[in-house]
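Enquirer: The working numbering applies: residue 13 is where the sequence shown begins, and numbers increase by one.
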Amino acid sequence: MMEPLVSRNPPANKFFLFALFLLGSTLIFGLTGALQYVVPGLLKAQLSFEKVRPLHVTSAVFWIIFSAMGAVYAYLPQRNGKRIFSVRLMNIQFYLFAATILVVLATYVLGIFGGREYWEFHPFLAIPVGLSWIFFMINVFRSVGSFRKLPVYMWMWMTGAAFFLFTFVESYLWLIPYFRSDIVHDMTIQWKSYGSMVGCWNQLIYGSSIYLMDKISGHEKYSYSRIGFALYFLGLFNLMFNWGHHIYTLPTPQFVQYISYGVSMTELILLGRIIWLWKSSLTTARKHYHLFSYRFLLAADVWILLTLVVAIMMSVPAINAYTHGTHITVAHTMGATIGINSFLILAFMFDLFPLKNRISASRFNFAFYAVNISLLVFWIALLTAGVLKAIWQMHHPDIPFAVMMSTLKPAFLIFLAGGVGVAAALGIIIRKIVRYHRAEEDFS
Ligand code: HEM
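1) Pull up the distance between the alpha-carbon of isoleucine 76 and that of serine 205, whole angstroms please.
2) Between the C-alpha atoms of phenylalanine 352 and alanine 429, what's the straight-line distance to the nearest angstrom?
3) Could you tell me if isoleucine 411 is buried or exposed, where buried requires 16 or more neighbouring beta carbons within 10 angstroms of its beta carbon?
4) For the segment 53-132, which segments carrying the alpha helix (DSSP H) assignment without a break, of at least 4 residues, lie completely within its bounds, in sequence order?
5) Please report the Cβ distance between serine 235 and valine 164, rounded to the nearest whole angstrom; I am assuming they are in contact, meaning their Cβ atoms lie under 8 Å.
6) Please state the DSSP three-state secondary structure of aspartate 410.
7) Under DSSP, the alpha helix (DSSP H) around tyrosine 184 begins and ends at which residues?
8) Between the beta-carbon of phenylalanine 180 and the beta-carbon of alanine 138, is there less than 9 Å?
9) Which ranges does the alpha helix (DSSP H) cover as unbroken runs of at least 4 residues, wholly within the segment 149-231, from first to last along the chain?
10) Are the beta-carbon atoms of leucine 356 and isoleucine 217 separated by less than 9 Å?
11) In whole angstroms, what separates the C-alpha of isoleucine 201 from that of phenylalanine 253?
12) Report the CB separation of alanine 173 from valine 141 in whole angstroms; it is logged as a contact under 8 Å.
13) CB of valine 69 to nearest heavy atom of the ligand HEM: below 8 Å?
14) Is tyrosine 334 near isoleucine 403, with beta carbons less than 9 Å apart?
15) Which residue from Phe308, Glu132 and Tyr270 puts its Cα closest to that of asparagine 250?
16) Any idea what DSSP makes of glycine 430, helix, strand or coil?
17) Using the Cα positions of valine 383 and lysine 299, report the straight-line distance between them to the nearest angstrom.
18) Should asparagine 484 be counted as a contact of the ligand HEM given a C-beta to heavy atom distance under 8 Å?
19) So phenylalanine 30 is in the alpha helix (DSSP H); what residue range does that whole segment cover?
20) Quick check on the DSSP output: the alpha helix (DSSP H) that includes asparagine 250 runs from which residue to which?
21) In whole angstroms, what separates the C-alpha of isoleucine 331 from that of alanine 423?
22) Return the residue from the list Leu39, Pro23, Leu29 and Phe27 that minimises the CA-CA distance to valine 432.
23) My understanding is that valine 116 touches threonine 70, with C-beta atoms under 8 Å, so please give their C-beta distance in whole angstroms.
24) Using a Cβ-Cβ cutoff of less than 7 Å, which residues in the same chain neighbour methionine 361 once the five nearest sequence positions on both sides are dropped?
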């Protein structure tokens, strides 16, 4: 069932290449932001932190989204043994979407905003994003074909594709005065939609992970398993009924917050368990044959565990009161988007771009361990800065902000050093994949 299509340079590759460009941009602006922590006021006139942060975060979000779409576009035809429903529609979607993201980044550099946190671009640019997502949805649903006896990852892909559009539209309800007029409603919808959007891209990524794990094992154990479907239904519940931790500080019923937080953590526990069970069932030969993807899947498993520890702590209301608005939240978000999302995506890329003969084992090992160790340093430094800021917020508000920030400097320096390590190691991987792709293009 899972034989790759005979194509040296599949049309879905462009999604990954653009995603890698966005990863490069994420790293450059991330490092610039970290430098601005250490040298306040750096580049203030040309590229202030108010511009650098959205440049970094938007690049990061779309690095994940483009890779998630690329994985679905690559794995769907592989699974079905035939082309995607419409390659032309896919190409139109790609160019429309990619051009819009380039415009978004350019508007940030020029200082043109108009959106809200995480989606700071002008709401007008949401139109082509939404339109290209409709094209994606059509292609996914038409390519799946019949709904009978589908493996769990197909349900995940369809759910992620359909709900993203819904929640993306929802995140713009604030444009209508009725929703904007009540601040609590407005913020609840806003954060709920953000949480759901993350849930949607997770459906695309977790689905592709289950597909990849079964592909590596050579059977369909998890594609139809109870635990796979449990993960799917929990994810579905989660993206419909929101992520409670985003609305902790709002006066909404507490039981909603606890249920939704519990669900999002159970979802991570299930994914972690699937990867763990899968690892134990794999033969040495298969591990070795798919070594690079295997390693990144396991690394994601370790980061699921670390993310869970912080998430469980943050879900305790007394602790949440401290962590709110500190770098602990940033550590949590970046730990999850790098350690879980990005590592799973790299596992897909190492599967779809077979680099095994093009990157030496020692070079790969270096990049792999460097990215993990640097990320750990980076993450611990952020958590430390967060704890120090939390203590200041709750116990020493009399100390001026600038004085408190200067005491965080050592933590920020370590954060910057960890960031350089993460960026350098990911840079090695980006370079290898892009060069591999160029060589394949010359060949075909
Ligand atoms: C794959 C790589 C990366 C991804 C996916 C990523 C993702 C993110 C996300 C989602 C946020 C928003 C956090 C929040 O609002 O809670 C963020 C913020 C940030 N990231 Fe990254 N990041 C990456 C790499 C880096 C690197 C290498 C650095 C450099 C040290 C860095 C520095 C920053 C800074 C300075 C912020 C702003 C935090 C603030 O608002 O105070 N990031 N990143």
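Using N, Cα and C, we set each Cβ at its ideal position, and we do this for glycine too.
Expert: Quick look at the numbers:
1) 17 Å
2) The amino acid occupying residue 352 in the given sequence is isoleucine; phenylalanine does not appear at that position. So the two alpha carbons sit approximately 21 Å from each other.
3) exposed
4) 61-92 and 99-122
5) 6 Å
6) coil
7) Here tyrosine 184 belongs to no alpha helix (DSSP H), and DSSP marks it neither H nor E.
8) yes
9) 164-182, 189-192 and 195-229
10) yes
11) 11 Å
12) Incorrect: roughly 14 Å between the Cβ atoms, too far for contact.
13) yes
14) yes
15) Tyr270
16) helix
17) 21 Å
18) Outside the shown range of the chain, which is 13 to 456, sits residue 484, and nothing can be said about it.
19) 25-50
20) 238-253
21) 21 Å
22) Leu39
23) 6 Å
24) Phe28 and Ile445
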